[in-house]
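Enquirer: Protein sequences appear in the order of chains W and B. Heads up, the first sequence is in the numbering used here, so the first residue is 5 and it goes up one at a time. Heads up, the second sequence is in the numbering used here, so the first residue is -13 and it goes up one at a time. Glycine residues also receive a C-beta, built at the ideal position from the N, C-alpha and C atoms. Would you mind keeping the following structure in view while I ask a few things?
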Amino acid sequence: MSGAYVLQQLVNGLVLGSLYALVAVGFSMIYGIVRLINFAHGDVMMVGAFSAYAILTAFGLPLWSAVLAVLTLGAVLAMLIDAVAFRPQRGAPQVNGFITSLGVAILMQNLAILTLSGQPRPFNVPGWLKENIGFMGARMTVLDAAIVLVTLAVLGALVVFVKRSRAGLAMRATAENPLAASLMGIRINRAVATAFGLGGALAGLAGLLWGARAGQIDPLMGFLPGLKAFVAAVIGGVGSLPGAVLGGFVVGFAEVLFVGLLPPLYGAYRDAFVFGLLIVILLVLPNGLLGRSVEDRA
Amino acid sequence: MIPPRHVLAWAALALVALAVTAYVETQLSGYARTVVGFAGISAILVVSLSFSNGLTGLFSLGHPAFMMVGGYVAAVLTFPVSRKGFMLPALPEWLAGAELPLFPATVAGGLAAALVAVVVGFPVLRLRGHYLAVATLGLIIIMRVAVNNADGLTRGALGLNGIPRLTTLWVILGWLAATLVVCWRLKHSSVGRSLMAIRENEMAAACMGVRRASSKLIAFSVGAFFAGVGGALWAHLLTNLTPGSFDLVLAFMLVVMVVVGGSGSLGGAVVAAIGITVLREVLRPVEQAVGAYGLVQIIIAVLLIATLLLRPQGFFGSAEPAFLRRDTRDRKTKPGRKNRPPEGPGRFPEHTAKQEARHEKA
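What follows is the structure in C-alpha cells.
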C-alpha cells in the first residue's frame, strides 16, 4: 500500500464526503426546524438528477442552465412536498411525519419508475469535466474538483444566509421555539418552507453532481445516498449545519477508506459498516459530534 | 347460563375463520390459496408489529430483518438432507444431517429472531422515536449484507430455492390464532398496561415504577418472535428465499398496515393486513394489463398519506372492535385518543390551539 494509493483514497473520500454533506445539510436543516426526518429528501436528489439529464441530454442546453434548473426545481419540489404532505399534520406526533415522508419517498420512486422506467440511463456531461487535472499525483478530474469547491462555496453561502439574513434569522428563531417565534410575528410556515426550499435546492444540485460522477442515473438512485446522508447528519448532530458537513465528510472518508484500505473481501460489507457506525455513534454520542443535548423534561 | 357476549363473538369469528380456511383450502386454485396464505402471514406480521410499535410506541422498521432470520433458520432446518451437501456446503455437521418438520423449525426460526432482537434491542432500544427507526432500518441493511455474503450457509444473493412447500392454510391459521392470543393476553395484562404507559409518557411511566428497559425488550422480542415465525411460514409457502425480498418496501407495507389499522389495535391490524394484501393482489393483474409497474405501490402510498392526513389514529385507533371487548369498564380505562392526556405545550402554536380545543371538548 503506497502513499499515492492512500492519497487517492483520500481524494475519493473528499469528493464522496462533499456529496453527502450537500444532502446532509438539507436533512439537518429540516430536522432542526420541524423535527422531521424527511425520507423523501434523497428522492428530491433523484428528481434533480433526472431533470439535469433531460436538460443536458434531451434538450442539449448548456451546463449552467441545468445548474439553475436543478436548484429551482429542487427547491420548488421540496416546498411542494412540505405544503401538501407535512404542513397539514404539523403538531401531530413526530412519528406520523416520519411515516408520511416514507410514503412520499415510495410514491416518488414509483412515479419515477412508472413514467421514466426503472432502467438506468447514461448521464453524459461535457468532456472537459472529465479531464484529469491531478492533485499531488493523485487522479482528480475537473468534476471532482468542482464538486468539492461547489460544495464548500454553497455551504459557506448557506451559513452566511442563515446567520445574517432576516429569513435566516426567522428560521433560527423557529427552530429554537416555534411558539415564541410566532408571537414575535415570524411567519412560521414561511420559515419552514424556506428550510425545505434551501434543502431541496441543495439536494437537486447534489443530484446533478452525483449523476455526473456516477455516469448513470435511475429512479432508485436517491435512496441509499439519502439514507447515508441522514447517517451523516446524525453523526454530526442533527440540527447542526457544521455538524452535518462534518458528518458528511466522516461518512465519505469512512466508507472509502473502509473499502480502499481493507482487503477486498470486506468491500461487500461497506453498507453494513456505515450503518454499524451509525448505531455505535448513536449509542456513544446520542447527540452526535456537534449536536446540543436535549434534556428530558416531564 | 348464557355465555357473555364477547365469548359468542369470539366463537363466531373462529367459526368463520375455520370455514373460510376450509373453503379456500379445498375449493380454490393454488394461486388463490397462496394469496390467502399471504394475507394470513401478513396478519401475523402486522399484529406482532402493532404490538411492539403501536402499543409500546417503539417505532421499529426491523420486522423484515427478523423475518429474514426466522425464514433462513427455518428453511435450513427443513431443507432436504440430500440437497444440503452441495447447495449449502458450509453448514456444520449437526445441521447438515438434520431435517426437521415444519413446526419445530418454525419455532426455532421465531426463537432465533427473538434472540437477535434481545441482542440488538439491548443497546438500540435506548434510542427514541425516529432514531430507533433508522437504527432498525440499518439492521435490515446489515442483515441483508450478512446473508448475501454468507454464501455457504444461505446461498447468498442467488437465493435459497427448493424449500419444501410445507405451509398450509391450516398452519397459518393456527399461528395467527396463537399470535392473536399471545398479543391479546399481553395487551390486556399488567405488561400491556406498562407498555401503553411507556408509549404515552415514558418519564411518567418510569416514575410510576414501570421498568422501561425490560418492558421494551419484552415488546420488541415478542414482536420479533412472531416476525421470525412469519418469515418461516413465508419461506415454506413461497418455497424460495432471497435476501432482496426483505427490504424497506416490505417494512413500509407492514407499517402502512399498522397505521391504517390503528396503532396498537390488534383487531384493526388483522383487518388492515388482510384488506391491503388482498387489494394488492387484486390490483396486480390491473398493473400488468396496463403495463404500469409501480402502480400498486403508488396507490398504497397515497392510501397511507391520506390516512395520516384525514384519520391519523387509523381506522380503529388503539381500541379493539366493540363486540370483542370484555365489558364497558375496559373501554373507559383504555387510553384511547380521546382521553389521552395532552402532550404538553406543542412545538407548534397550531398544535397547542388544536389540542386545547380537543381537550375542552373532551
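#1: Secondary structure at Gln220 (chain W), three-state DSSP: helix, strand or coil?
#2: Any idea what DSSP makes of Ala272 (chain W), helix, strand or coil?
#3: Hey, Leu293 (chain W) and Gly241 (chain W): beta-carbon distance below 9 Å or not?
#4: Any C-beta of chain B within less than 8 Å: which residues of the region 98 to 110 of chain W qualify?
#5: Quick check on Ala142 (chain W): does DSSP put it in helix, strand or coil?
#6: Determine, for Phe227 (chain W), whether the minimum Cβ-Cβ distance to residues of chain B falls below 9 Å.
#7: Which of the three DSSP states is assigned to Asp316 (chain B) in this structure?
#8: Is it true that the CB of Ser36 (chain B) sits closer than 9 Å to the CB of Ser207 (chain B)?
#9: Leaving out the 5 sequence neighbours to the left and right, which residues in its chain are closer than 7 Å to Leu86 (chain B) when beta-carbon positions are compared?
#10: Once you ignore the five residues that flank Val245 (chain B) on each side, which residues in its own chain have a CB closer than 7 Å to its CB?
#11: If you run the structure through DSSP and keep just helix, strand and coil, what is Asn16 (chain W)?
#12: Which residue wins for smallest C-alpha separation from Gln283 (chain B), given the options W:Val10, W:Val108, W:Gly252 and W:Arg274?
#13: Tell me whether the region 258 to 265 of chain W and the region 100 to 112 of chain B touch, counting them as touching only if at least three CB pairs, one residue from each stretch, are closer than 8 Å.
#14: Which residue wins for smallest C-alpha separation from Gly160 (chain B), given the options B:Thr263, B:Pro66, B:Leu88 and B:Glu188?
#15: For Asn42 (chain W), which three-state DSSP category applies?
#16: For the region 98 to 107 of chain W against the region 112 to 126 of chain B, are there 3 or more C-beta pairs whose distance is under 8 Å?
#17: How close, in whole Å, do the beta carbons of Leu252 (chain B) and Cys169 (chain B) come, if the pair is a contact with beta carbons under 8 Å?
#18: So, does the region 64 to 78 of chain W touch the region 190 to 210 of chain W, judging by three or more C-beta pairs under 8 Å?
#19: Within the 9 Å Cβ cut-off, does Gly280 (chain W) reach chain B?
#20: Report back the beta-carbon spacing between Val29 (chain W) and Ala248 (chain W) to the nearest angstrom; my notes put them in contact at under 8 Å.
#21: For a test of the three-state rule: what should DSSP assign to Leu286 (chain W), helix, strand or coil?
#22: So, at 6 Å on beta carbons, what are the nonlocal neighbours of Thr263 (chain B) in its own chain, with the 5 sequence-adjacent residues on each side left out?
#23: Could you check what DSSP says for Leu(-1) (chain B) in three-state terms: helix, strand or coil?
#24: Mind listing the chain B neighbours of Pro124 (chain W)? Cutoff is C-beta to C-beta under 7 Å, in chain order.
#25: Exposed or buried, what is Glu306 (chain B) when buried is set at 16 or more other beta-carbons lying within 10 Å of its beta-carbon?
#26: For Ala89 (chain W), which of W:Leu187, W:Arg168 and W:Phe43 has the nearest alpha-carbon?
#27: Mind pulling the chain W residues with CB within less than 7 Å of Leu294 (chain B)?
#28: Under the rule that 16 or more other beta-carbon atoms within 10 Å means buried, what is Phe72 (chain B), buried or exposed?
#29: Can you find a C-beta in chain B that's less than 9 Å from the C-beta of Ser283 (chain W)?
#30: Would you mind sorting Lys167 (chain W) into buried or exposed? The rule is 16 or more other CB atoms within 10 Å of its CB.
#31: Looking at C-alpha atoms only, which residue of W:Ala157, W:Gly215, W:Asn128 and W:Leu245 is the closest neighbour of Leu65 (chain W)?
#32: Which class does Leu227 (chain B) belong to by DSSP, given the choice of helix, strand or coil?
#33: Which residues of chain W have a Cβ atom closer than 7 Å to the Cβ of Gly124 (chain B), listed in chain order?
#34: Check whether the region 271 to 288 of chain W touches the region 130 to 150 of chain B, taking contact to mean three or more Cβ pairs, one atom from each stretch, closer than 8 Å.
#35: At a Cβ cut of 8 Å, what residues of the region -2 to 29 of chain B count as close to chain W, listed as they run along the chain?
#36: Any heavy atom of the ligand ADP closer than 8 Å to the Cβ of Val235 (chain B)?
Expert: In brief:
#1: Gln220 (chain W): strand per DSSP, three-state reduction.
#2: Note: Ala272 (chain W) maps to helix in three-state DSSP.
#3: Yes; because the gap between Cβ atoms is below 9 Å, this pair is in contact.
#4: Result list: Gln98, Val99, Asn100, Phe102, Ile103, Thr104, Leu106, Gly107, Val108 and Ile110.
#5: Three-state result, Ala142 (chain W): strand.
#6: True, the Cβ-Cβ gap to chain B drops below 9 Å.
#7: Residue confidence is low: Asp316 (chain B) scores 46 on pLDDT, short of 50, so the model does not pin down where it sits. Its coordinate-derived value is still stated next. If DSSP states are grouped into helix, strand and coil, Asp316 (chain B) belongs with the helices.
#8: No, the Cβ-Cβ distance between Ser207 (chain B) and Ser36 (chain B) is not below 9 Å.
#9: Contacts found: Leu63 and Thr64.
#10: Leu290, Thr293, Leu294 and Gly300, listed in sequence order.
#11: Residue state, collapsed to three classes: helix.
#12: Looking from the CA of Gln283 (chain B), the closest CA among W:Val10, W:Val108, W:Gly252 and W:Arg274 belongs to W:Val108.
#13: Flag = no, the region 258 to 265 of chain W and the region 100 to 112 of chain B do not touch.
#14: Ranking the options by Cα distance to Gly160 (chain B), first place goes to B:Leu88.
#15: Asn42 (chain W): coil per DSSP, three-state reduction.
#16: The region 98 to 107 of chain W is in contact with the region 112 to 126 of chain B.
#17: Confirmed, about 6 Å.
#18: With the cut-off at 8 Å, the region 64 to 78 of chain W and the region 190 to 210 of chain W touch.
#19: Contact of Gly280 (chain W) with chain B is assigned, a C-beta pair being separated by under 9 Å.
#20: About 5 Å; that satisfies the 8 Å criterion.
#21: Secondary structure of Leu286 (chain W) (DSSP, three-state): helix.
#22: Excluding sequence neighbours, Thr263 (chain B) sits near Phe24, Ala25 and Ser28.
#23: In the structure shown, Leu(-1) (chain B) falls within a helical segment according to DSSP collapsed to helix, strand and coil.
#24: In chain B, no part has a C-beta under 7 Å from the C-beta of Pro124 (chain W); the shortest such distance is about 16 Å.
#25: With 16 or more other Cβ atoms from the protein chains shown falling within 10 Å of its own Cβ, Glu306 (chain B) counts as buried.
#26: From the listed residues W:Leu187, W:Arg168 and W:Phe43, the smallest Cα separation to Ala89 (chain W) is found for W:Phe43.
#27: At a C-beta separation below 7 Å, Leu294 (chain B) has these neighbours in chain W: Gln93, Asn100, Ile103 and Thr104.
#28: Under the 10 Å beta carbon count, Phe72 (chain B) is surrounded by fewer than 16 other beta carbons and is classified as exposed.
#29: The amino acid occupying residue 283 (chain W) in the given sequence is Ile; Ser does not appear at that position. Answer yes: the Cβ-Cβ gap between Ile283 (chain W) and chain B drops below 9 Å somewhere.
#30: Exposed.
#31: Ranking W:Ala157, W:Gly215, W:Asn128 and W:Leu245 by Cα distance to Leu65 (chain W) puts W:Asn128 first.
#32: Per DSSP, reduced to three states, the secondary structure at Leu227 (chain B) is strand.
#33: At a beta-carbon threshold of 7 Å, the residues of chain W lying near Gly124 (chain B) are Phe279, Leu282 and Ile283, ordered along the chain.
#34: Yes, they touch.
#35: Listed by position along the chain: nothing, the set is empty.
#36: This structure does not include the ligand ADP; it has no bound ligands of any sort.
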